[in-house]
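There are 2 protein chains.
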Amino acid sequence: MASVPGSVEQGRHVYRFGGGVADGGAGDTDLLGGKGANLAEMAAIGLPVPPGFTISTAMCALYHADCGAFPDTLREEVAGGIAHIAGITGKGFGDAADPLLVSVRSGARASMPGMMDTVLNLGLNDDTVEGLARVSGDERFAWDSYRRFIQMYADVVLDLDHGAFEDALEIAKEDHGVALDTDLDAEDLRELVGTYKRLVREQWGRDFPQDVLDQFWGAIGAVFASWQSDRAKVYRRLHDIPGTWGTAVNVQAMVFGNMGETSATGVAFTRDPSTGERAYYGEYLINAQGEDVVAGIRTPQYLTHAAREKAGARPLSMEEALPDTYAELARVFDLLETHYRDMQDIEFTVQQGTLWMLQTRAGKRTANAALKIAVDMANEGLISRDEAVARVDPAALDQLLHPTLDADAPRTVIAKGLPASPGAASGKVAFDADTAERRAAGGEAVILVRVETSPEDIHGMHAARGILTARGGMTSHAAVVARGMGRPCVSGAGSLAIDAKAGVLRVSGAEVRDGDVLTIDGATGEVMLGEVATVQPELAGDFGTLMAWADDVRRLKVRTNAETPLDCRTARGFGADGIGLCRTEHMFFDAGRITAVRQMILADDAAGRQVALDRLLPEQRGDFATIFEIMAGLPVTIRLLDPPLHEFLPREDAEFQEVAQATGVSVDQLKRRAAELHEFNPMLGHRGCRLGITYPEIYEMQARAIFEAACDVARDTGAAPIPEVMVPLVATRAEFDIIRALIDRVAAAVMVEKSQRLDYLVGTMIELPRAAIKAGQIAEGEGGAGFFSFGTNDLTQTTLGVSRDDAGRFIGAYVDQGIYPKDPFVSLDVEGVGELIRMAAEQGKAVRPDLKLGICGEHGGDPASIAFCEQAGLDYVSASPYRVPIARLAAAQAALKAVRQA
Amino acid sequence: MASVPGSVEQGRHVYRFGGGVADGGAGDTDLLGGKGANLAEMAAIGLPVPPGFTISTAMCALYHADCGAFPDTLREEVAGGIAHIAGITGKGFGDAADPLLVSVRSGARASMPGMMDTVLNLGLNDDTVEGLARVSGDERFAWDSYRRFIQMYADVVLDLDHGAFEDALEIAKEDHGVALDTDLDAEDLRELVGTYKRLVREQWGRDFPQDVLDQFWGAIGAVFASWQSDRAKVYRRLHDIPGTWGTAVNVQAMVFGNMGETSATGVAFTRDPSTGERAYYGEYLINAQGEDVVAGIRTPQYLTHAAREKAGARPLSMEEALPDTYAELARVFDLLETHYRDMQDIEFTVQQGTLWMLQTRAGKRTANAALKIAVDMANEGLISRDEAVARVDPAALDQLLHPTLDADAPRTVIAKGLPASPGAASGKVAFDADTAERRAAGGEAVILVRVETSPEDIHGMHAARGILTARGGMTSHAAVVARGMGRPCVSGAGSLAIDAKAGVLRVSGAEVRDGDVLTIDGATGEVMLGEVATVQPELAGDFGTLMAWADDVRRLKVRTNAETPLDCRTARGFGADGIGLCRTEHMFFDAGRITAVRQMILADDAAGRQVALDRLLPEQRGDFATIFEIMAGLPVTIRLLDPPLHEFLPREDAEFQEVAQATGVSVDQLKRRAAELHEFNPMLGHRGCRLGITYPEIYEMQARAIFEAACDVARDTGAAPIPEVMVPLVATRAEFDIIRALIDRVAAAVMVEKSQRLDYLVGTMIELPRAAIKAGQIAEGEGGAGFFSFGTNDLTQTTLGVSRDDAGRFIGAYVDQGIYPKDPFVSLDVEGVGELIRMAAEQGKAVRPDLKLGICGEHGGDPASIAFCEQAGLDYVSASPYRVPIARLAAAQAALKAVRQA
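The listed protein sequences correspond, in order, to chains A and B. Its first residue numbered 7, the first sequence is counted upward by one per residue in the numbering used here. Its first residue numbered 7, the second sequence is counted upward by one per residue in the numbering used here.
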């Protein structure tokens, strides 16, 4: 509340609109709030807006700073505003002969639906109600209006018990033997008003205010006070809205859609918000007030003839029932869309044949609609292509890239978990990864169901159509890996009782056995019995068009994190500019190799490791050759082995047996060695280049596999790949030097053996704070790193001191309390981690101007994080295959923003 | 090898000394190496030095840069050098009539004992040997010298098989039926020379060089080449000696201590290097060469009469046998000590009654001697008090603060582990912490023996006289905690087979049962059977004097990490300036409380936790009151609960039973809850202020205990303590704000309840990279942190991405390969972690000039890290009690260094 712009403090706080006057416009949302600015704008362009005025957002701050008091100057200004309305309407505020009634509505800079309060029909009292009855010629209408006013005022302004007023209304209906409010006649309502006034006196201790100015100031105060309600505060925290913004108050002459058959009220979109189709879309009700449309007591009617016909509905559309007004409304729709250059969400009221516009704003829309509207408007010439690119929310694209449930298909939801990875999938339940893999190999669709997943399950997750877990959050292993693979996933469905051994899961009375069919919806978190029909996404057309436009403007390259042929092909199909992170360890989990990997890990010495590595070499070489072929012409960054070795360890006795047979070492000895490998904090343990330093033969094998594959592909295809070999978890230049020397040595040897010259880069992950601080040192000079890839997952873990696997226990509380605006593993902590990235990028570029800079890890697919990467001057982001299109669009938007800011 | 100072490249490389000439002096160690500079210095001050010259260290670099070739200019310079020697000695190099023989010795800037090679008697060939025989009148001496020369040259310069020459000598002795080399006569030796020459021809393929210049250049090349030997490289890496320094070569006229009964050779110290007593100390041998003194074939004799008498030895001392030469030597000792202003380590030779000085350098000494010599010399006026302070190695003090084994006591060593915490202790073996505590309470001395220790063992470690573990390195839990407590500890004694259940340990055939007596020596890592007598340290006298001088010059305050009354008193006794880190969690392990702590942790909700916290409150309040009383007048920093809760969890069934009884919750449910608390990376988990954010009632209890105790002590003693409340693991300002508000609220409430005003500070640990980067934000403004304490243990873990508990598997390899100069958990990683500390200190001071800055964690007691803290402008370091004196001295030295540099 401290900072109130000085220009406003002494300036005006009341801004009029309507009747040919507009003291503000659409550009004044900061001062007038969204609703007020748009009312002024509509008035300015000559649309029929009930006259009124807006009390500025700045007054909200002053009001709270002054402990809920209004400055005297405001009273004068408000008097002018009321005079403005009175002048146009010819009615008088508190005038018993022809009373002016007003609505009082909040309106902040950002839309906060349902968060703030509204009072209608203000200006009615025991005298003016009679005047209203006379002037309108409708006594029932007048008393109903008064009754509604008292009820609303008691609730919103006086904060009295809501229920008592509703009870009184129910009793009145019972007393008079009627079912609906509308069946109460004028006399009944007059009685009810008496009851209401008594209720006010009992609960509030004072009489319902008869002075219309008292009513007025009470309402204004209530709107301002509602800005500081707990509800509003929570909403602001969740939506990142500063408390200093404040709300404006809009005071407007009442118009009534409930004054007979030539009156109506409605809401409309200028295009279909669901499909984006260029057709007016909306609902209206004859002889009704706005709240009736929303409340659902009466079924609203279609706006257009075409829509009514399509739905096969009987009640006349507005186009048919009120053709003249409809024509005027359609004219207003076109005018508003052309004026605002966006699809509009509109509220209107028709009072006895006269159209009044109550609100316009940019309409919310589905991802599909956003895409279509943006492309259509650009093609119509209404907006530029850049604007079209800027209009579509990249995160929303995620919905479009995966199969979705057929909206009309029937379903039996048995549980709900977290929407961990989008898309819908059906399949036979498998309770372990091996079964999942076996069934998938047999051509069956499988849903892998686990209490929680571990790296051991990767092959099963890959084989499955979808993944369901009982434990784990949005950043659990299952969620992260599933998103990376583009598999639908529902995680943390806590009500599932899974007994994997018995092959059964129980939930809310249902029992699902191994092999039974389940459907999961990763967009909603729902788990359903049996198969529910899905709809495949359509990625051509508007999607392709918008992506092409995005590619025209983006500066950042978008690579992908991929290592399987399927993922590489998917990513290439989604337009990836290369591979930014090929995690060689993922290749180690393959059923055909894991025994050799275990043999390597459990070996007691280098010789023992070498035997296993010799078995792995041809496998890895094959992997890399396939990847180089698929990604022909594009850069491929390969990270050497990174995770702590015990991730690969056998767990079950049978697995130990297998390794024992393969190695001739006893199970007991293997178990002892496995126990030795236990780590207290594996994330900070013996992993990354530390493995390469202590067991150089592992990295030697990997380097050899890379260069042999590259030479072979160069020979076979004539197009030499340019491998970018990445050293993980570097903290010091010395580590990089040692590993680089090893890589260079192997590269030289392979090139001699294969008589083939290859270009390649050696670079490093920057994923430890020390590496970021000493980045200049690491990149410097001839043997320095040729590229940096910011491993923001680990960098976040170490910079914040938070383990991603363990954060679940407190990160929710942290986000709720605003300590981090979002889960820092989902959206980059720009202030902290981002600062280190900026530092490292600067230092690196200073010593090596051609240093390639990229980011890998989950953040590479997060639009906010991508915007940061653009600002920080990185060269590329790397995202999981299914997030590549999102990243392309986000990169384009970031580039546009950079241009705007420059 | 790249950087050779330009001034030298074209300048001279040969520097003469002796015979009234000295081209250099003691200040020229960079150019001449240590030995060469001191030879020149001794020549310059008129001492009898055999004439010679030094080839500069710069030539070493040129030699290697030019692939092992010498510039022509050097040949000319060397000719001048040889002429210098010839001129003074009147002998000719290669002159068959009166041959000049020289020694060729390496001599780098820093002493590298045994790393580099030496050649003696160079200049002998088939002709000159006859000349030497004639001139010396001793044919046997001449042929023995030639024999020794060929043997040494073949080994050092020609790199031939050492063993073959030794075998030939043995065969010669057998052939002539003698036992000792000295029993071979001239003819025998002449034959042996023939055999040696044949061996050279066979192995080298060429004849032994007869040209004395060939001999000479071969020897020079060998010395330079030895600089790049693997042995030298390893030594340099271990001792942080840059490879660019190079070695010098010293060429000197030979003098012989083996030319009869008026010849001798010896080594001496100007004071006793063991006790520091002001008495000449040394050994000599009549008619011997230097290597004979070292080789141990003959038993050397005492230098002084007094020493001989004291030892009850028979062979005459030099003072008695060669009184005139001894008198001259004593004069030289005094002169050198006065000149160099330090105790000197000297080598000399007497050739037929003439004294020759071969080397002088500052003598190595024990910690006790260093202390006494520094204090004595300052009192003698030889050096200033500041110099005395600068002279003593702080790390060496550690030996002085603990009991040591009586050197004369007999012992049976049964195992050897790592010297993890200094001091010696004997006691009855206890295999678990509870037994240790129970026996100690009964007044028995206990040695706690565990496979490895965990936080659960703290009370037992505290109760024990010493700790012995079979597993864990120098930075294992046992080692770190033991050092902190000042308990002797031997860790990682891998040969111990401990069966705690059976109450027995087995090692090398011995069996030690529960209750048997063991002795451990934490300074050597030795484990001994039974009780071995120990000697208590003497801390008054010189120690107290030097500490007082140190306190006069140091700027940094030295606080302590302590929480028990004993530790607080110990630290205060050692001169601590306050408590820098009171780890409240250590108080939680007390047997009387752990059940309440467990009850708190395992509670399902805040109400359940509160019941347990209410039990803990009076206990914590009592702890704090005691600490405030002991530390009266000094600041006390109290850290709120930091470690992950599962550290406190029950493990054994009996412990679960106890908690179940106390809480009325079933064991099963407790186990389930305990399992839920499991973390993958507890170091990065739910700990530190994250506990305070999610379970505010825990920090509320602790804050209440602190302020209630402070108020009580203020009331009872009239001296109000100034608590410094420290929030751990802060990453963001928001966290600090939330916890600070909680602390301020509790403080205000307690002060009202107790009607007492208290000053206090609220500050934070800076132990996460994010906190360091955002330090300005955290300290800024009214509610900002009042102090920063750098928690360098955790900051090292997160900045480097290394878990201290897991580092053992690779940190050894890392230090060996020079990736980190020292274990970064022992000595601060100044380049990386230090950079973050500097950043944070600067940012913090910029926004809050009175911000107190300190460091806690193991590094607070490490001299190199303390030097960094001085440079970084911190206000204090905090060290474990037994390291407080070390820190005081290190702080003083750092301050002196800062003054010198300014």
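Even for Gly, the Cβ is constructed at its ideal location relative to N, Cα and C.
Legend entry - Three or more C-beta pairs below 8 Å linking the segment 846-855 of chain B and the segment 763-782 of chain B: yes
Legend entry - Any non-hydrogen atom of the ligand COA within 7 Å of H168(B) CB: Here there are no bound small molecules, and the ligand COA is not part of this structure.
Legend entry - Local Cβ density within 10 Å of P329(B), reported as buried at 16 or more and exposed below that: exposed
Legend entry - C-beta neighbour in chain A for F874(B), strict 8 Å: no
Inset, instruction - Provide the residue span of the alpha helix (DSSP H) that contains R604(A), from first to last. - result: 600-608
Inset, instruction - Give the residues of chain B in contact with P409(A), contact being defined as C-beta atoms less than 8 Å apart. - result: Chain B residues near P409(A): none, gap ~33 Å exceeds 8 Å.
Legend entry - Those residues which DSSP pairs with R111(B) across a bridge: T124(B), N256(B)
Inset, instruction - Within the same chain, show all residues whose beta-carbon is closer than 8 Å to that of Y69(B), passing over the 5 residues directly before and after it, in chain order. - result: A75, F76, G227, F230
Legend entry - Any C-beta of chain A under 8 Å from that of S809(B): yes
Inset, instruction - Leaving out five residues on either side along the sequence, give the residues of the same chain with a beta carbon under 8 Å from the beta carbon of D104(A). - result: G96, K97, G98, G137, V141
Legend entry - Reference G694(A), options L80(A), I745(A), H483(A), E197(A), closest by Cα: I745(A)
Legend entry - Outcome for P11(A) when other beta-carbon atoms lying within 10 angstroms are tallied against a minimum of 16: In this prediction, P11(A) has a pLDDT of 34, which is less than 50 and means its spatial position is unreliable; what the coordinates show is noted afterwards. The residue is exposed, with fewer than 16 neighbouring Cβ atoms inside 10 Å.
Legend entry - Partner residues on chain A for H692(B), Cβ-Cβ distance less than 7 Å: D812, R815, F816
Inset, instruction - Establish whether the CB of M689(B) and some CB of chain A are separated by less than 8 Å. - result: yes
Inset, instruction - State the beta-bridge partners of K858(A) as determined by DSSP. - result: F793(A)
Legend entry - Contact between the segment 869-877 of chain A and the segment 552-567 of chain A (3+ Cβ pairs under 8 Å): yes
Inset, instruction - Determine the burial state of C73(A): buried for a count of at least 16 other Cβ atoms within 10 Å of its Cβ, exposed for fewer. - result: exposed
Inset, instruction - Could you round the C-beta distance between V793(B) and E730(B) to whole angstroms and report it? I think they count as a contact, below 8 Å. - result: The sequence shown places Phe at residue 793(B), rather than the Val named in the question. Going by Cβ atoms, the distance from F793(B) to E730(B) rounds to 6 Å, so yes, they are a contact pair.
Legend entry - Three-state class that DSSP yields for W251(A) in the structure shown: coil
Legend entry - Beta carbon of E325(A) nearer than 8 Å to that of T305(A): no
Inset, instruction - Determine the closest residue to V883(B) out of A904(B), G860(B), S280(B), with distance taken between C-alpha atoms. - result: G860(B)
Legend entry - Sequence-distant residues of the same chain with beta carbon closer than 6 Å to G25(A), five excluded per side: P57, I94
Inset, instruction - Would you give the residue range spanned by the beta strand (DSSP E) that W362(B) belongs to? - result: 360-368
Inset, instruction - Let me know if Q663(B) comes out buried or exposed under the rule of 16 or more other beta-carbons within 10 Å of its beta-carbon. - result: exposed
Inset, instruction - Starting from T723(A), trace the alpha helix (DSSP H) both ways and give me its first and last residue. - result: 702-723
Inset, instruction - Using three-state DSSP, classify G614(B) as helix, strand or coil. - result: helix
Inset, instruction - Anything in chain B within Cβ reach of T700(A), meaning under 8 Å, just list it in chain order. - result: R815, F816, A819
Legend entry - Those residues which DSSP pairs with R519(A) across a bridge: V510(A)
Legend entry - G867(B) vs R889(B) beta-carbon contact at 8 Å: yes
Inset, instruction - Taking 8 Å as the cut-off, decide whether the C-beta atoms of G39(A) and T63(A) are in contact. - result: yes
Legend entry - Where S886(B) falls: helix, strand or coil (DSSP): coil
Legend entry - Cβ neighbours of G509(A) in the same chain (closer than 7 Å, five flanking residues each side left out): F437, R519, D520
Inset, instruction - Please work out which residues of its chain come closer than 8 Å, Cβ to Cβ, to D800(B), disregarding the five sequence neighbours upstream and downstream, and give them in chain order. - result: M689, L735, M771, E773, L774, G863
Legend entry - Proximal residues to R679(A) (C-beta, below 6 Å), its chain only, five neighbours per side dropped: L608
Inset, instruction - Say whether chain B places a C-beta atom closer than 8 Å to the C-beta of P827(A). - result: no
Inset, instruction - Answer yes or no: do I504(B) and A431(B) have a C-beta to C-beta separation smaller than 8 Å? - result: no
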